[in-house]
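Read the structure below first, then the notes.
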Amino acid sequence: MPMTIHTSTDRADIEMRWLELTKITLPEVAGGRDWPIKFDHCFQRVLLDNACDGVWYDHIEGRPAYKWASDATLVRAIKLGQAVLVGSEDLVDLNNKSLDWRGKKRNP
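Structure representation (structure tokens):
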């Protein structure tokens, strides 16, 4: 169930799209795919880490991260999530990069 790619720069719209993608769409789709993650907070970690090219909390000051991330960072994270949905980004690779940045064990 791919989302339409939007280009709005309205902050409320960006945040709404982030929450819809990470709390609803990706977790719903995860059940039917062979993905290493399935929970909303995991999708948020992976997408934000990759949008920041490192552990997101080294780049975003406050919590929750989506409220404090720049528009550009949040839009990059949304685009990565949309690319995962259509298969042009590999969630396993993105997750492994996130785990590497965090010094955690990678998934095979």
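Numbered by the UniProt record's numbering, the letters in the sequence shown go through residues 1 to 108 in order.
All residues carry an ideal CB built from backbone N, CA and C; glycine is no exception.
Would you tell me roughly how many angstroms separate the C-alpha atoms of residue i and residue j, rounded to the nearest one?
i	j	result
residue 83	residue 44	14 Å
residue 72	residue 103	26 Å
residue 86	residue 77	15 Å
residue 53	residue 10	24 Å
residue 30	residue 39	9 Å
residue 62	residue 69	8 Å
residue 34	residue 91	10 Å
Does the Cβ-Cβ distance between residue i and residue j come in under 7 Å?
i	j	result
residue 74	residue 14	yes
residue 18	residue 57	no
Measure from the alpha carbon of residue i to the alpha carbon of each residue in the options, then state which is nearest.
i	options	result
residue 21	62, 88 and 41	41
Kindly confirm or deny that the region 83 to 102 and the region 47 to 66 touch, where touching means at least three C-beta pairs closer than 8 Å. yes
Do the region 70 to 90 and the region 17 to 28 make contact, defined as three or more Cβ pairs closer than 8 Å? yes
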